[in-house]
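Residue numbers (our numbering): 17 to 577. Just so you know, even glycine gets a beta-carbon here, dropped at the ideal spot from N, CA and C. To keep things clear, I will list the structure first and then write my remarks on it.
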Amino acid sequence: MAERSTAAVDVADNSGEQPLTAQADQSTADGVAKNRERDTDNDEAQESTGTSGSGMTSPPELHSGHKLARRYRLEECVTRLDGFSSWRAVDEKLRRAVGVHILPADHSRARSVLAAARSSALLGDPRFVQVLDAVEENDVVYVVHEWLPDATELTALLAAGPLEVYDAYQMVSQISAAMAAAHREGLAHLRLSPNAVLRASTGQWRIRGLAVNAALRGISSDTPQRTDTESIGALLYAALTQRWPYESDAYGMSGLPKDIGLIPPDQVRAGVHRGLSELAMRALANDGATASRHESPCTTPEELVKAIGEMPRIRPPEPAFATPPEYQRTTYQQGTYGRPAPHPGATQPTPVPPPPLQSRTGKALKWAVSALLIAALGLGSWQLADALMEQGGKAEDTNKTQTTEGDDKGPQKPVSKPIAIQGAQDFDPFGNGSEKPGDVGKVYDSAPDTYWQTDYYLSTDFGRLKSGVGVILDLGKVQRVGKVTVSFVGDTSVELRGASGDTQPTSFDGYTKLAEGSGSTVTLEPRNAAESRFLLVWLTELPQTSEGTFRGRVVDVKVSS
């Protein structure tokens, strides 16, 4: 089999993981493989012996240089197996590298692959390698996906040894959160293995082959969330120990010794983080293997995310600074450049600085400068005194004028009145479209002990997944807005945005920025008079919680004219 690039989408990995999507036909519904610890996918054997499945169509006869849709030029075949092939290709229209899966249109899984690819493309989550196109054309079905030349497979990372504690923590946190989001949309992976997990040069972890890899293999499951959760546990176990948590060897790693069962990572290798070791066991075992730790198993990615949030936060290691070399003085720096070096032991004369001005000219110059300074000082004092006296006279005249003319000056500032909030709605345009909608009414219930909160994130900037989330306030009609006061739990950065007209916008661009601020109680006052019915309280930076995660909590919002 041709050597695989780390940028290719993994469909022929040597794994036993079997993930998929619950919306993509029968074969892309949910599914757990029976005997996962033994199912390590002998893909190389299948490739060398051919496909022996009944009714399996042979892959199309393609070659380097072949073009699909007069756009995608095939460059290198990275997998040819089980009736389909995977290629590194070039999108000649956008001049970028892409990956392509190809199989005959009459292949038994062609419809499932198309359905899975289109479902995955609709997710649009940047934590997954994106599906760019899914087409049936000229008796061929092909799926085009991103190519990540700067990413490294977890398999390659583990070949050098176990991950550092912080790296393993980041990996399991990001992968769990991504899969939890996918399952909320009805999508599963079912083949989540070290070959399907990539670390980008930025440090972000990404997942490839969501739903598509399983559809290409015809894998399904009755319990997709349990399948993907156990796969995440296996990834964490391998990251901590450099061992595959089953008896069979896989992904260049040795399996566990036979006949001893699943043992915790901290018993396989010394120095393993205790909390991560327990987390791996909770994700892997669901039949009493965690009883000795007094922790319930995690059976869904959502439960795994919650368990990670309850752990003490693991901080990145302190940067190591190399000791600078000893400073070497040169003859040039010593002021002897161009002169012969002194003989050892010879006493060098110390240069004497030139004496200050002692001549008649020097004395006269000093007296002249002193006289000028005295004159400037006197002139400045006189001007200052004159200005103060003039200002005092003006103040007296102003007081007299105010006394005589009194209250007949300009228009009075309008009195501020509270505006009742008629309704509220969560607003997450850059995420999955929903952010704790059940609690959004608590932002205007005037109760100090209730609040609406966001999902938890791994950094103050929403884990770099989105620019913010917020709450839309409905004032019932277009009204003048003079001030909005927002109370938070913890210091939070917030923007006040308003929509023109009486219609609620559906996109973020429909709201204009009126004011911004940060703190636990923030008063937002538009610089110019603003009239609006729909206001957007937009959170841009979140405070850290006691668990080490980041989450916004809005306690109360007050609007006044």
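Inter-residue CB distance, ALA171 and ASN211 (contact presumed, cutoff 8 Å): Numbered from its first residue, the sequence shown carries residue 171 at position 155. Numbered from its first residue, the sequence shown carries residue 211 at position 195. Note that residue 171 is Thr in the sequence shown, not Ala. Indeed, because the Cβ distance is near 5 Å, the residues count as touching under 8 Å.
Outcome for MET195 when other beta-carbon atoms lying within 10 angstroms are tallied against a minimum of 16: By 1-based counting over the sequence shown, the position of residue 195 is 179. When all chains shown are included, MET195 counts as buried.
Candidates ARG96, PHE566, GLY115: closest to GLU162 by CA position: By 1-based counting over the sequence shown, the position of residue 162 is 146. Minimum Cα distance to GLU162 is reached at GLY115.
Span of the alpha helix (DSSP H) around SER6: Limits of the chain in this structure are 17 at one end and 577 at the other, which puts residue 6 out of reach.
ASP107 versus ASN154 - alpha carbon distance: Locating residue 107 in the sequence shown gives position 91, counting from the first residue. Locating residue 154 in the sequence shown gives position 138, counting from the first residue. Computed Cα separation, rounded: 19 Å.
Assigned exposure category for PRO328 - 16 Cβ within 10 Å defines buried: On the sequence shown, position 312 is the one that residue 328 refers to. Of the other Cβ atoms in all chains shown, fewer than 16 fall within 10 Å of the Cβ of PRO328; this residue is therefore exposed.
Simplified DSSP assignment, three categories, for TYR460: Position 444 of the sequence shown, counted from the first residue, corresponds to residue 460. Three-state DSSP puts TYR460 in a helix.
Identified DSSP bridge partners for PHE443: On the sequence shown, position 427 is the one that residue 443 refers to. Looking at the DSSP assignment, PHE443 forms a beta bridge with GLY486.
Pair within 7 Å by beta-carbon distance, VAL213 and LEU256: Position 197 of the sequence shown holds residue 213. Position 240 of the sequence shown holds residue 256. Not in contact: VAL213 and LEU256 (Cβ atoms no closer than 7 Å).
Closest by C-alpha distance to SER80, when choosing among SER237, ARG104, LYS482, LEU395: Working through the sequence shown from its first residue, we reach residue 80 at position 64. The candidate whose alpha carbon is nearest that of SER80 is ARG104.
For PRO261 and MET297, the rounded distance between their alpha carbons: Counting from one through the sequence shown, the residue named residue 297 turns up at place 281. Counting from one through the sequence shown, the residue named residue 261 turns up at place 245. Those two C-alpha atoms are separated by around 10 Å.
For TYR467, the residue or residues it bridges with in DSSP: Counting from one through the sequence shown, the residue named residue 467 turns up at place 451. In DSSP, TYR467 forms no bridge with anything.
CB of THR508 within 7 Å of CB of PRO464, strictly: Within the sequence shown, residue 508 is the residue found at index 492, counting from 1. Within the sequence shown, residue 464 is the residue found at index 448, counting from 1. No, the Cβ-Cβ distance between THR508 and PRO464 is not below 7 Å.
GLU326, enclosing alpha helix (DSSP H) - first and last residue: As a working note, residue 326 is residue 310 in the sequence shown. Counting along the chain, the alpha helix (DSSP H) containing GLU326 begins and ends at 317 to 326.
Expected contact under 8 Å - CB spacing of VAL157 and LEU119 to nearest Å: Numbered from 1 along the sequence shown, position 141 holds the residue referred to as residue 157. Numbered from 1 along the sequence shown, position 103 holds the residue referred to as residue 119. Correct: roughly 5 Å between the Cβ atoms.
Host alpha helix (DSSP H) of PRO210 (start-end): Position 194 of the sequence shown holds residue 210. Element bounds for PRO210: n/a, residue is neither H nor E.
C-alpha distance - ILE324 paired with LEU300, whole-angstrom precision: By one-based count along the sequence shown, residue 324 stands at place 308. By one-based count along the sequence shown, residue 300 stands at place 284. If you take the alpha carbons of ILE324 and LEU300, they lie about 15 Å apart.
Alpha carbon of ILE488 to alpha carbon of GLU451, nearest angstrom: Residue numbering aside, residue 488 sits at position 472 when the sequence shown is read from its first letter. Residue numbering aside, residue 451 sits at position 435 when the sequence shown is read from its first letter. Distance between the alpha carbons of ILE488 and GLU451 is about 12 Å.
Enclosing alpha helix (DSSP H) for GLY115 [first to last residue]: Position 99 of the sequence shown holds residue 115. Run containing GLY115: none in the alpha helix (DSSP H); it sits in the beta strand (DSSP E), 112 to 120.
Backbone secondary structure at TYR158 - three-state DSSP: The sequence position of residue 158 within the sequence shown is 142, counting from 1. Looking at TYR158 - three-state DSSP - the assignment turns out to be strand.
Proximal residues to VAL494 (C-beta, below 8 Å), its chain only, five neighbours per side dropped: Residue 494 sits at position 478 when you count from the first residue of the sequence shown. So the list reads GLY517, ASP518, GLU547, SER548, ARG549, once near-sequence residues are dropped.
Selected residue, minimal CA-CA separation from TYR182, among ARG224, SER270, ARG290, ALA266: What you label residue 182 is simply residue 166 of the sequence shown in a count that begins at 1. For the residues ARG224, SER270, ARG290, ALA266, the minimum Cα distance to TYR182 belongs to ARG290.
Proximity test, Cβ basis, 7 Å: TYR472 and chain B: In the structure shown, chain B does not exist; there is a single protein chain.
TRP221 versus MET187 - alpha carbon distance: Within the sequence shown, residue 221 is the residue found at index 205, counting from 1. Within the sequence shown, residue 187 is the residue found at index 171, counting from 1. If you take the alpha carbons of TRP221 and MET187, they lie about 6 Å apart.
Own chain residues within Cβ distance below 6 Å of ALA436, not counting five before or after: Counting from one through the sequence shown, the residue named residue 436 turns up at place 420. If we look at ALA436 and ignore the five residues flanking it on each side, it has no Cβ neighbours.
Beta-carbon gap between HIS82 and GLY99 smaller than 7 Å: For the purposes of this step, residue 82 is taken as the residue at position 66 of the sequence shown. For the purposes of this step, residue 99 is taken as the residue at position 83 of the sequence shown. No. Outside cutoff.
Same chain, Cβ closer than 6 Å to LEU491, five either side skipped, listed in chain order: Position 475 of the sequence shown, counted from the first residue, corresponds to residue 491. If we look at LEU491 and ignore the five residues flanking it on each side, its Cβ neighbours are ILE435, ARG549.
Identity of the residues DSSP links to ILE223 by a beta bridge: Sequence index remark: in the sequence shown, residue 223 carries index 207 (1-based). Under DSSP, the beta-bridge partners assigned to ILE223 are PHE144, VAL213.
Simplified DSSP assignment, three categories, for LEU232: Along the sequence shown, read from residue 1 onward, the residue named residue 232 stands at position 216. DSSP places LEU232 in helix when its eight states are reduced to three.
Residues near GLN438 by beta carbon distance below 8 Å, same chain, minus five either side: Stepping through the sequence shown from its first residue, residue 438 is reached at position 422. Within the same chain, GLN438 has close Cβ partners ASP490, LEU491, GLY492.
Closest Cα partner of ASP525 within the set ILE248, ASP444, SER247, ARG567: Reading the sequence shown from its first residue, position 509 is the one you call residue 525. Minimum Cα distance to ASP525 is reached at ASP444.
Burial state of LEU629 (16 or more Cβ within 10 Å): This structure cannot settle anything about residue 629, because the visible part of the chain is limited to 17 through 577.
Nearest to VAL502 (by Cα), restricted to the options ALA531, ASP265, ASP275, VAL573: For the purposes of this step, residue 502 is taken as residue 486 along the sequence shown, with counting starting at 1. For VAL502, the nearest C-alpha among the options comes from VAL573.
Nonlocal neighbours in the same chain, by C-beta distance under 6 Å from GLU557, ignoring five residues either side: One-based indexing of the sequence shown puts residue 557 at position 541. The answer, listed in chain order, is THR476, SER509.
DSSP-derived helix/strand/coil call for GLU406: The count along the sequence shown starts at 1 and reaches residue 406 at position 390. The answer is helix: DSSP assigns GLU406 an H, G or I state.
N-terminal and C-terminal residue of the alpha helix (DSSP H) that GLY99 is part of: By one-based count along the sequence shown, residue 99 stands at place 83. No alpha helix (DSSP H) holds GLY99; DSSP gives it neither H nor E.
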